[in-house]
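Q: Dropping the structure in here first, questions after.
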Amino acid sequence: MKETFKIALTWHAGEKDLEEYRKHVPSNCTLINPKSAFIEDLLAIAPKADAIIGAYIPQEMIENAPNVKMVQILHAGVATAHPGDTVLGFRLDYLAKNNILMGNIHGNNLAVAEHAMCFILALAKQLIPVNNAVSKNEWYPVTEETKSYMLCDSTLGIVGIGHIGGEVAKRAKAFNMRVMGVDRNPQSARIKELALDFVGSTSELPEILKEADFVLLTVPLTRETYGLIGEEELKMMKSSAYLINVARAHLVNEQALYKALTEKWIKGFASDVWWFYSYSVASNVGSRNPSESWFDFGFHYSLPSRLGVNRLPNVVGTSDRATYVRGVSADFIVDGLKNVSAFARGETPPNLVNLDLGF
Numbered sequence: 040m041k042e043t044f045k046i047a048l049t050w051h052a053g054e055k056d057l058e059e060y061r062k063h064v065p066s067n068c069t070l071i072n073p074k075s076a077f078i079e080d081l082l083a084i085a086p087k088a089d090a091i092i093g094a095y096i097p098q099e100m101i102e103n104a105p106n107v108k109m110v111q112i113l114h115a116g117v118a119t120a121h122p123g124d125t126v127l128g129f130r131l132d133y134l135a136k137n138n139i140l141m142g143n144i145h146g147n148n149l150a151v152a153e154h155a156m157c158f159i160l161a162l163a164k165q166l167i168p169v170n171n172a173v174s175k176n177e178w179y180p181v182t183e184e185t186k187s188y189m190l191c192d193s194t195l196g197i198v199g200i201g202h203i204g205g206e207v208a209k210r211a212k213a214f215n216m217r218v219m220g221v222d223r224n225p226q227s228a229r230i231k232e233l234a235l236d237f238v239g240s241t242s243e244l245p246e247i248l249k250e251a252d253f254v255l256l257t258v259p260l261t262r263e264t265y266g267l268i269g270e271e272e273l274k275m276m277k278s279s280a281y282l283i284n285v286a287r288a289h290l291v292n293e294q295a296l297y298k299a300l301t302e303k304w305i306k307g308f309a310s311d312v313w314w315f316y317s318y319s320v321a322s323n324v325g326s327r328n329p330s331e332s333w334f335d336f337g338f339h340y341s342l343p344s345r346l347g348v349n350r351l352p353n354v355v356g357t358s359d360r361a362t363y364v365r366g367v368s369a370d371f372i373v374d375g376l377k378n379v380s381a382f383a384r385g386e387t388p389p390n391l392v393n394l395d396l397g398f
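Just so you know, the sequence shown maps onto residues 40 to 398 in my numbering.
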């Protein structure tokens, strides 16, 4: 590595924050702080960068950084949707072609797992409609249809038993739920330690869908998982079952889900993630058009669902808030800097994305 290793930020950090960041990088590392997150300011610092770190990294910035050897995203998943593309700005195929490493983080697993359990409890106890009725001085109807679920009598099906899925499984077990799961690598030692009631490969997804009272999506968004849950899969679920998504919106076909909810193929849906409608978001970042904002760029969704899934009475939604937790955002940056620091020291970073698989 060079004597001085330069790490470019994709956001403007205050001096107090920079002082804290410097504590987590080696002495030979220099942090390059842009004037703003606008694309022209990012392009101004790109030629100096040996590594780039940020929650969103424009492809144009990477292409104008001839010395860059690593990009560090401040997310666990990179959300690959189309071949090579991600919703976070860059292209995986470009990184692979140019031998650029990509790091991610996993410090969000506990926060997202708790959020998933919050959804499970809210759906099981019909918390939102009951609260809405009480806030209007109404007594929520007491019928067979409005009875709550006991978690100890329910089955949770987890699609993707990774860092997040594993933590949810532990918490569901604490509620004495029956926990089933499918994963690409169902025989891993980590999954075996969870002692799930059923573990299968991804080809056994139908077994989960048919049996679970709650189906939880925690799988990465890749070319293989794009549209994983469509009309066929939704019709496999019990009419009394709930679908929960804390991964990426495009795992679920929006139109099929709308039909499933309005025609009551399933009982309800909860999600912290929503659909976006452009894969060219990188070209918009940094626009100074006053009608545009960061929230239009696809990751922090300005429109949760064109079909109005978020407005249906049997839907519980949050706005990408699972990791919006005290202290967690700062931890993401520290985790990312530590990952890049390992590379700067000539070590293999602990958290790297497989550019072929997309996670």
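Even for Gly, the Cβ is constructed at its ideal location relative to N, Cα and C.
Can you find the residues in the same chain that come closer than 6 Å, C-beta to C-beta, to GLY220, ignoring five residues on each side of it along the sequence?
A: As a working note, residue 220 is residue 181 in the sequence shown. Only ILE197, ILE200, LEU235, VAL238 meet the Cβ criterion.
Q: Quickly, what does DSSP pair CYS68 with across the bridge? List them, please.
A: Residue mapping note: residue 68 aligns to position 29 of the sequence shown, counting from 1. According to DSSP, which records beta bridges pairwise, CYS68 is partnered with PHE44.
Q: Drop a sphere of 10 angstroms on the beta-carbon of THR257, count the other beta-carbons inside from all chains shown, and report buried for 16 or more, exposed for fewer.
A: In the sequence shown, residue 257 corresponds to position 218, counting from 1. Buried, since its Cβ has 16 or more Cβ neighbours within 10 Å.
Q: Return the chain-ordered list of same chain residues with a C-beta closer than 8 Å to the C-beta of LEU190, the five sequence neighbours on each side being excluded.
A: As a position in the sequence shown, residue 190 is number 151, starting the count at 1. Excluding sequence neighbours, LEU190 sits near ILE159, LEU160, ALA163, ALA211, PHE214, ASN215, MET216.
Q: In whole angstroms, what separates the C-alpha of THR261 from that of LYS175?
A: Here the question's residue 261 lines up with position 222 in the sequence shown. Here the question's residue 175 lines up with position 136 in the sequence shown. So the two alpha carbons sit approximately 43 Å from each other.
Q: Let's test the definition: count the other Cβ atoms within 10 Å of the Cβ of PRO352 and tell me whether it reaches 16, buried, or not, exposed.
A: Here residue 352 refers to the residue found at position 313 when the sequence shown is read from its first residue. It counts as exposed.
Q: Is the segment 138 to 149 close to the segment 285 to 305, with three or more CB pairs under 8 Å?
A: Not touching, per the Cβ criterion.
Q: Going by alpha carbons, who is nearest to TRP313 out of VAL354, GLU177, GLU232?
A: The residue you call residue 313 lines up with position 274 of the sequence shown. The candidate whose alpha carbon is nearest that of TRP313 is VAL354.
Q: I need the straight-line Cα distance from LEU342 to ASN106, nearest angstrom please.
A: One-based indexing of the sequence shown puts residue 342 at position 303. One-based indexing of the sequence shown puts residue 106 at position 67. If I take the Cα positions, the gap works out to 37 Å.
Q: Is the beta carbon of PHE371 less than 8 Å from the beta carbon of LEU113?
A: For the purposes of this step, residue 371 is taken as residue 332 along the sequence shown, with counting starting at 1. For the purposes of this step, residue 113 is taken as residue 74 along the sequence shown, with counting starting at 1. In this structure, LEU113 lies closer than 8 Å to PHE371 by Cβ.
Q: Taking 8 Å as the cut-off, decide whether the C-beta atoms of VAL254 and ILE230 are in contact.
A: Here residue 254 corresponds to residue number 215 of the sequence shown, with the count starting at 1. Here residue 230 corresponds to residue number 191 of the sequence shown, with the count starting at 1. No, they are not a contact pair.
Q: Quick check: what's the CA-CA separation for TYR179 versus CYS157?
A: As a working mapping, residue 179 is identified with position 140 in the sequence shown. As a working mapping, residue 157 is identified with position 118 in the sequence shown. So the two alpha carbons sit approximately 21 Å from each other.
Q: Considering only heavy atoms of the ligand MG, does any lie closer than 7 Å to the CB of ASP192?
A: As far as ligands go, the structure on display features none, and thus does not contain the ligand MG.
Q: If we ignore side chains and look at the alpha-carbon of each, how far apart do LYS136 and TYR95 end up?
A: Taking the first residue of the sequence shown as position 1, residue 136 is located at position 97. Taking the first residue of the sequence shown as position 1, residue 95 is located at position 56. If I take the Cα positions, the gap works out to 20 Å.
Q: Cα separation between PRO86 and ALA52?
A: If you number the sequence shown from 1, residue 86 lands on position 47. If you number the sequence shown from 1, residue 52 lands on position 13. Their Cα atoms are separated by approximately 19 Å.
Q: Going residue by residue through the segment 172 to 255, where are the continuous alpha helix (DSSP H) segments of at least 4 residues, counting only ones entirely within it?
A: Taking only runs of at least 4 residues, the alpha helix (DSSP H) segments lying wholly in the segment 172 to 255 are 202 to 213, 228 to 232, 244 to 250.
Q: What do you reckon, are the CB atoms on GLY397 and ARG287 nearer than 8 Å?
A: Your numbering for residue 397 matches position 358 in the sequence shown. Your numbering for residue 287 matches position 248 in the sequence shown. No; because the gap between Cβ atoms is not below 8 Å, this pair is not in contact.
Q: Measure the Cβ-Cβ separation of ALA381 and CYS68 and say whether it is below 8 Å.
A: For the purposes of this step, residue 381 is taken as the residue at position 342 of the sequence shown. For the purposes of this step, residue 68 is taken as the residue at position 29 of the sequence shown. The answer is no: Cβ separation not under 8 Å.
Q: Can you list the beta strand (DSSP E) stretches of 3 or more residues lying completely in the segment 78 to 116, in chain order?
A: 90 to 93, 109 to 112, all fully within the segment 78 to 116.
Q: Classify VAL126 as buried or exposed, calling it buried when 16 or more other Cβ atoms lie within 10 Å of its own Cβ.
A: In the sequence shown, residue 126 corresponds to position 87, counting from 1. Interpretation of VAL126 is limited by its pLDDT of 49, a score under 50 that renders its predicted location unreliable; no figure is taken from the coordinates.
Q: Look up MET141 in the DSSP assignment and say whether it is helix, strand or coil.
A: Position 102 of the sequence shown, counting from 1, holds the residue named residue 141. Of the three classes helix, strand and coil, the one that applies to MET141 here is strand, per DSSP.
Q: Is the CB-CB distance between GLY366 and GLN111 below 8 Å?
A: Indexing the sequence shown from 1 puts residue 366 at position 327. Indexing the sequence shown from 1 puts residue 111 at position 72. Going by C-beta atoms, GLY366 is not nearer than 8 Å to GLN111.
Q: Can you tell me where the alpha helix (DSSP H) with ALA309 in it begins and where it stops?
A: Taking the sequence shown and counting its residues from 1, the one referred to as residue 309 is at position 270. Where ALA309 is concerned, there is no enclosing alpha helix (DSSP H), although the beta strand (DSSP E) it sits in stretches over 307 to 310.
Q: Candidates TYR60, GLU271, THR387, GLU263: which alpha carbon is nearest LYS249's?
A: Within the sequence shown, residue 249 is the residue found at index 210, counting from 1. Nearest C-alpha to LYS249: GLU271.
Q: If ILE305 and LEU267 are in contact, beta carbons under 8 Å, what's the gap, nearest whole angstrom?
A: For the purposes of this step, residue 305 is taken as the residue at position 266 of the sequence shown. For the purposes of this step, residue 267 is taken as the residue at position 228 of the sequence shown. ILE305 to LEU267, Cβ: 15 Å. No contact.
Q: Since LEU162 is in the alpha helix (DSSP H), which residue starts that stretch and which ends it?
A: Taking the sequence shown and counting its residues from 1, the one referred to as residue 162 is at position 123. LEU162 -> alpha helix (DSSP H) spans 148 to 163.
Q: DSSP puts ASN353 in a beta bridge; with which residues?
A: Position 314 of the sequence shown, counting from 1, holds the residue named residue 353. For ASN353, which the question treats as bridged, DSSP gives no partner whatsoever.
Q: If the criterion is Cβ atoms closer than 8 Å, does the pair THR362 and ALA150 meet it?
A: Position 323 of the sequence shown, counting from 1, holds the residue named residue 362. Position 111 of the sequence shown, counting from 1, holds the residue named residue 150. Contact: yes.
Q: Assuming GLY93 contacts LEU48 under a Cβ cut-off of 8 Å, what Cβ separation, rounded to an integer in Å, is found between them?
A: As a first step, residue 93 must be located in the sequence shown, where it is residue number 54. As a first step, residue 48 must be located in the sequence shown, where it is residue number 9. Their Cβ separation, rounded to whole angstroms, is 6 Å, which keeps GLY93 and LEU48 in contact under 8 Å.
Q: Checking 8 Å against the spacing of the C-beta atoms, do ASP311 and THR264 come in under that value?
A: As a first step, residue 311 is located in the sequence shown; it is residue number 272 there, counting from the start. As a first step, residue 264 is located in the sequence shown; it is residue number 225 there, counting from the start. Taking 8 Å as the Cβ cut-off, ASP311 and THR264 do not qualify as a contacting pair.
Q: Nearest by alpha-carbon distance to HIS289: which of SER278, LYS377, ALA280, GLY269 is it?
A: Counting from one through the sequence shown, the residue named residue 289 turns up at place 250. Of SER278, LYS377, ALA280, GLY269, the residue nearest in Cα terms is GLY269.
Q: Looking only at C-alpha atoms, which of VAL218, ALA280, ASP395, VAL379 sits nearest to SER187?
A: On the sequence shown, residue 187 is found 148 positions in, with the first residue counted as 1. Comparing Cα-Cα distances from SER187 to each of VAL218, ALA280, ASP395, VAL379, the minimum goes to ALA280.
Q: Quick one: is SER66 buried, meaning 16 or more other Cβ sit within 10 Å of its Cβ, or exposed?
A: If you number the sequence shown from 1, residue 66 lands on position 27. By the 10 Å Cβ count, SER66 comes out exposed.
Q: Can you say whether LYS74 is buried or exposed, counting buried as having 16 or more other CB atoms within 10 angstroms of its CB?
A: Locating residue 74 in the sequence shown gives position 35, counting from the first residue. By the 10 Å Cβ count, LYS74 comes out exposed.
Q: What is the DSSP secondary structure of ASN390, counted as helix, strand or coil?
A: Locating residue 390 in the sequence shown gives position 351, where the first residue counts as 1. Three-state result, ASN390: coil.
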